[in-house]
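Novice: For what it's worth, the working numbering labels the leading residue of the sequence shown as 499, then goes sequentially.
Don't be surprised by glycine CBs; every beta carbon is placed ideally from N, CA and C.
Being a predicted model, the structure only gives us computed values, none of them experimental.
Sending over a structure as structure tokens; questions will come in a sec.
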Amino acid sequence: MTVPPPDHPYADHPEPGRKPLKSRGPGIAIFISVLALIGVVIIIWMMLQDRDEATDPSVSATPSATPSETATETAEPEPTETAATGGTGTPDDPYWLDQEFIYDSAIESDQSTSAGVWDITVTDVVPVDLTDTAFEDLGCYAVTGTMTPTAWTDGEDGPLATDMPIVSLETEGSARAVPDDEGLCDLSGFDDYTPYTVPLADGWSQGALMFVAPLVYVTSVDNDVFAVVLGEDDFTLGEGIYVSPTARFE
Numbered sequence: 499m500t501v502p503p504p505d506h507p508y509a510d511h512p513e514p515g516r517k518p519l520k521s522r523g524p525g526i527a528i529f530i531s532v533l534a535l536i537g538v539v540i541i542i543w544m545m546l547q548d549r550d551e552a553t554d555p556s557v558s559a560t561p562s563a564t565p566s567e568t569a570t571e572t573a574e575p576e577p578t579e580t581a582a583t584g585g586t587g588t589p590d591d592p593y594w595l596d597q598e599f600i601y602d603s604a605i606e607s608d609q610s611t612s613a614g615v616w617d618i619t620v621t622d623v624v625p626v627d628l629t630d631t632a633f634e635d636l637g638c639y640a641v642t643g644t645m646t647p648t649a650w651t652d653g654e655d656g657p658l659a660t661d662m663p664i665v666s667l668e669t670e671g672s673a674r675a676v677p678d679d680e681g682l683c684d685l686s687g688f689d690d691y692t693p694y695t696v697p698l699a700d701g702w703s704q705g706a707l708m709f710v711a712p713l714v715y716v717t718s719v720d721n722d723v724f725a726v727v728l729g730e731d732d733f734t735l736g737e738g739i740y741v742s743p744t745a746r747f748e
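Below you can see the structure in the form of structure tokens.
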């Protein structure tokens, strides 16, 4: 085929069999831009997914310590030794309230030949009113407790009431509150108790005696109670069996 010279009128025409190149229209450019935008979005989405997986605590966190399969056994605490409670009945170490002790008249009393023995428990010491307020220089206490005879003189049908211990109080003023034999103390609140005097008031059998002992004292001296005293000699300080008015046996 003969190529026309450059100055030929058809020099700009393509050779036969070849189509002229068409210029890209605006639609193609838009399509390419959309594809590029989609690619960018996909790349950003993948990057975000990678970051979420890296920060997910359920994926990256690992336990710092493995729990033991069995709990550690704790040692049993050693028992703490506690001092024995109660006393021995002396002025320096009196028995306590609610502590049972033995009174043997053949041992504790120098005035008795009886072998009377009693189990005694002193339960309380409380102030009570006078039956006659005219006695301004006197006051009253009531001592409560139980007394059970366990032995008595051979040949006797039971213990002798006169060999039961006198109940009195020793006060901080080195004085004694003594048995109320005149009925000066008001015992109206002790209906379940037998009034205790020497000789003992009527109403006691030879079984356990739940007693209330009314005691009078002179208000002009220090009347804070130091101890309950049980013994035949109620005027000699230091004699008899002593019981604390405050310490309680459990």
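#1: Looking only at DSSP bridge pairs, what is W616 linked to?
#2: Please state if the CB of P677 and the CB of L685 are separated by a distance shorter than 8 Å.
#3: According to DSSP, simplified to helix, strand and coil, what is I541?
#4: Kindly give me the distance between the Cβ atoms of T646 and D617, rounded to whole angstroms, as I take these residues to be in contact under 8 Å.
#5: Here's the rule: buried if 16 or more other CB atoms are within 10 angstroms of the residue's CB, otherwise exposed. What is D661?
#6: Since T619 and Q597 should fall inside the 8 Å C-beta cutoff, what is the C-beta to C-beta distance between them, to a whole number of angstroms?
#7: Using a Cβ-Cβ cut-off of 6 Å (strictly less than) and excluding sequence neighbours within five positions of A673, which residues of its own chain qualify?
#8: Do P657 and E606 have their CB atoms nearer than 8 Å?
#9: Quick check on this structure: which residue in M708, I528, L533, D602 has the alpha carbon closest to the alpha carbon of V738?
#10: Using the beta-carbon count (16 or more within 10 Å), is S531 buried or exposed?
#11: Closest by CA to T651, which one among A613, A640, G671?
#12: Would you identify the three-state DSSP class for S531, choosing helix, strand or coil?
#13: Classify L546 as helix, strand or coil using the three-state DSSP reduction.
#14: For P712, count the other beta carbons within 10 Å of its own beta carbon; 16 or more makes it buried, fewer makes it exposed. Which is it?
Specialist: The relevant details are as follows:
#1: The residue given as residue 616 occupies position 118 in the sequence shown. W616 is bridged to Y601, P647.
#2: In the sequence shown, the residue the question calls residue 685 occupies position 187. In the sequence shown, the residue the question calls residue 677 occupies position 179. For L685 and P677, no; Cβs fall outside 8 Å.
#3: Within the sequence shown, residue 541 is the residue found at index 43, counting from 1. The answer is helix: DSSP assigns I541 an H, G or I state.
#4: Numbered from its first residue, the sequence shown carries residue 646 at position 148. Numbered from its first residue, the sequence shown carries residue 617 at position 119. So it is a contact: roughly 5 Å between Cβ atoms.
#5: Looking up residue 661 in the sequence shown gives position 163. Its Cβ being crowded by 16 or more others within 10 Å, D661 is buried.
#6: Here residue 619 refers to the residue found at position 121 when the sequence shown is read from its first residue. Here residue 597 refers to the residue found at position 99 when the sequence shown is read from its first residue. The Cβ separation is near 7 Å, so the contact holds.
#7: Taking the first residue of the sequence shown as 1, we reach residue 673 at position 175. The answer, listed in chain order, is V719.
#8: By one-based count along the sequence shown, residue 657 stands at place 159. By one-based count along the sequence shown, residue 606 stands at place 108. Going by C-beta atoms, P657 is not nearer than 8 Å to E606.
#9: Counted from its first residue, the sequence shown places residue 738 at position 240. According to the sequence displayed, residue 738 carries Gly and not Val. For the residues M708, I528, L533, D602, the minimum Cα distance to G738 belongs to D602.
#10: Numbered from 1 along the sequence shown, position 33 holds the residue referred to as residue 531. So S531 ends up on the exposed side.
#11: Taking the first residue of the sequence shown as position 1, residue 651 is located at position 153. Minimum Cα distance to T651 is reached at A613.
#12: By 1-based counting over the sequence shown, the position of residue 531 is 33. In this structure, S531 counts as helix in the three-state DSSP scheme.
#13: Counted from its first residue, the sequence shown places residue 546 at position 48. The answer is helix: DSSP assigns L546 an H, G or I state.
#14: Numbered from 1 along the sequence shown, position 214 holds the residue referred to as residue 712. The residue in question, P712, is buried, as its Cβ has 16 or more Cβ neighbours within 10 Å.
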